[in-house]
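This report refers to the structure that appears directly beneath it.
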Amino acid sequence: MQVTSGRIECLGHDMTHLPEHQRTLLGIGRTFQISSVFPDLTVLENIALARLGITSTKWSLWRNALAQPGLLRLAAEELERVGLPGRESWMVKSMSYGERRQLELVLALVNQPRVLLLDEPCAGLSPAERHRLSDIIQNLPRSITMLMIEHDMDVALGLADRVTVLHQGQVIVEGAADQVQNDPQVQEVYFGQR
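Going by the numbering used here, the sequence shown opens with residue 66, and the numbers climb by one from there.
Shown next, in the form of structure tokens:
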């Protein structure tokens, strides 16, 4: 989507027209609503590709990707953090959808973002998988600022310090999670109560 007016500023930089790889270099990480992993590659190859944009000056893909200094250590640390230890050699296509969502979080975290954008991280997950991924997100370092779009109100309210609720493109309430949860407009719009 193209910006039609205004600016996007983050971490003291105007990012309005920056390409994704430059945003990554500035400390922005993100996950996508729709799974964005390479199923025919291994977990480590996916991680190597995620790191390549910030570790290589040339996009000579496989020559540099797997030879990145510290890649194995970093991959092992982040896989451990999200509950996927020892899966570096797994083919992504052999992983469950929930595990792929966890891997997507790793792909954002290996670039050590200062700001992490999460686009419906729990979309399509079973209740058990939503709980597991919510716990993982909850335990990420507090030094990472997170902005999350999430339609599952239980997940959103359980994770967020501050919540902005939109309805039909308009902000209807903004505040602490407990305030938002008890707001009459939110109750009516999202829970069908008056």
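C-beta atoms are modelled at their ideal positions from N, C-alpha and C, and glycine is treated no differently. Computed from a predicted model, the values in this text were never measured in an experiment.
Check	Outcome
Proximity to A225 [Cα-Cα], best of H232, Q235, V245, I237	V245
First and last residue of the uninterrupted beta strand (DSSP E) at V324	No statement about residue 324 is possible, as the shown extent of the chain runs from 66 to 259 and does not include it.
Minimum C-alpha distance to H261 - residue among T69, I93, M66, N204	Here the chain covers residues 66 to 259 and nothing more, so residue 261 does not appear.
Neighbourhood of E239 by C-beta distance below 8 Å, restricted to the same chain and skipping five residues each side	R227, V228, T229, V230, V245
Terminal residues of the alpha helix (DSSP H) in which H216 lies	Element bounds for H216: n/a, residue is neither H nor E.
Nearest to L268 (by Cα), restricted to the options L137, E164, C75, E143	What the structure shows of the chain is the stretch from 66 to 259, and residue 268 is not part of that stretch, so it cannot be assessed.
Nearest residue (CA-CA) to T89, options L198, L117, S100, L106	L117
Residues near H82 in its chain [Cβ-Cβ closer than 8 Å; skip 5 each side]	V68
Residue of L174, S199, L183 minimising C-alpha distance to G223	S199
Cβ distance (whole Å) where M148 is taken to contact R197 below 8 Å	The residue asked about is misnamed: residue 148 is Gly in this sequence, not Met. Indeed they touch by this definition, with Cβ atoms about 7 Å apart.
Contact under 8 Å by Cβ, A173 with T96	yes
Reduced DSSP secondary structure (H/G/I, E/B, other) of L76	coil
Terminal residues of the alpha helix (DSSP H) in which V171 lies	162–174
Cutoff 8 Å: E185 Cβ touching any chain B Cβ	Absent from the structure: chain B. Only one protein chain is present.
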